Amino acid sequence: MITLIQAYVRGWLERRRLQRLMTKALYHGPNLKEVINMYRGVIYRIRYRLGLWRTRQIINFAELEEWMDRKRFYETMFAKRECCQGLQRSELLKYFRECGHYPTQKQVDEYWDLFNKVNGHPIIKRANIQLVGKLVARSIRERKMREYYKSREV
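For the sequence shown, the residue numbers in the working numbering are 38 to 191.
Spelled out as structure tokens, the structure:
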């Protein structure tokens, strides 16, 4: 009996998560399938750049939802700077601080050089989102480690 109740609750939670994903997906694209394809494209470009061609790509709904939330947040922060058409290299640190991430100038320079090796290549135009992703991932990882060690001290 308990197993049936657990299965029912888990199913209900998954249906709610899927419903939440479908409503969030309408902001990013026409439907959930198109948003998943966009997410797959981003993951594919990152895997290709890192040389991980033969790895499997499993779509995790929790990670997809987190990606959609972060994408919307960064688009909102970027929209606040409507006066400019893009970000200059000198404005990147200020932009990251506004988003709550604190990479060092060395990290920004390292990834800027990584993504701007070739000028005018179509992949480089799409690489700016990858630059943001790499710096944010490093910043999030550092923040989680700090929180983890602070919680262990208490």
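Just so you know, even glycine gets a beta-carbon here, dropped at the ideal spot from N, CA and C.
Just so we're clear, the structure is a prediction, and the values are computed from it rather than from any experiment.
| query | Does the Cβ-Cβ distance between residue 192 and residue 69 come in under 7 angstroms? | reply | Absent from the structure is residue 192, since the part of the chain shown begins at 38 and ends at 191.
| query | For residue 90 versus residue 126, is the C-beta distance shorter than 7 angstroms? | reply | Here residue 90 refers to the residue found at position 53 of the sequence shown. Here residue 126 refers to the residue found at position 89 of the sequence shown. No, the pair does not count as a contact, with Cβ atoms beyond the cut-off.
| query | For the alpha helix (DSSP H) that residue 75 lies in, which residues bound it at each end? | reply | Counted from its first residue, the sequence shown places residue 75 at position 38. 69 to 87 is the extent of the alpha helix (DSSP H) around residue 75.
| said: Give me the residue from 153, 151 and 116 with the minimum Cα distance to residue 135. | reply: Here residue 135 refers to the residue found at position 98 when the sequence shown is read from its first residue. Closest option to residue 135, Cα to Cα, is 116.
| request: Would you please state the rounded distance, in angstroms, between the beta carbons of residue 76 and residue 49? I believe it to be under 8 angstroms. | output: Indexing the sequence shown from 1 puts residue 76 at position 39. Indexing the sequence shown from 1 puts residue 49 at position 12. Their Cβ separation, rounded to whole angstroms, is 25 angstroms, which puts residue 76 and residue 49 out of contact at 8 angstroms.
| task | Would you identify the three-state DSSP class for residue 59, choosing helix, strand or coil? | result | The residue you call residue 59 lines up with position 22 of the sequence shown. Residue state, collapsed to three classes: helix.
| task | Mind checking which residues open and close the alpha helix (DSSP H) that includes residue 117? | result | Against the sequence shown, residue 117 aligns to sequence position 80. Run containing residue 117: none; DSSP gives neither H nor E here.
| said: Taking only three categories from DSSP, how would you classify residue 124? | reply: The residue you call residue 124 lines up with position 87 of the sequence shown. Here residue 124 sits in coil by DSSP.
| Going along the chain, which residues of its own chain have a beta-carbon closer than 8 angstroms to the beta-carbon of residue 66, five neighbours each way excluded? | Along the sequence shown, read from residue 1 onward, the residue named residue 66 stands at position 29. Answer for residue 66: 72 and 75, listed in chain order.
| field | For residue 66, three-class secondary structure by DSSP | value | Counted from its first residue, the sequence shown places residue 66 at position 29. If DSSP states are grouped into helix, strand and coil, residue 66 belongs with coil.
| query | Going by Cα to Cα distance, which pick from 84, 107 and 118 is closest to residue 137? | reply | Here the question's residue 137 lines up with position 100 in the sequence shown. With distances taken between Cα atoms, residue 137 lies closest to 107.
| So what's residue 185 in DSSP terms, helix, strand or just coil? | Position 148 of the sequence shown holds residue 185. DSSP places residue 185 in helix when its eight states are reduced to three.
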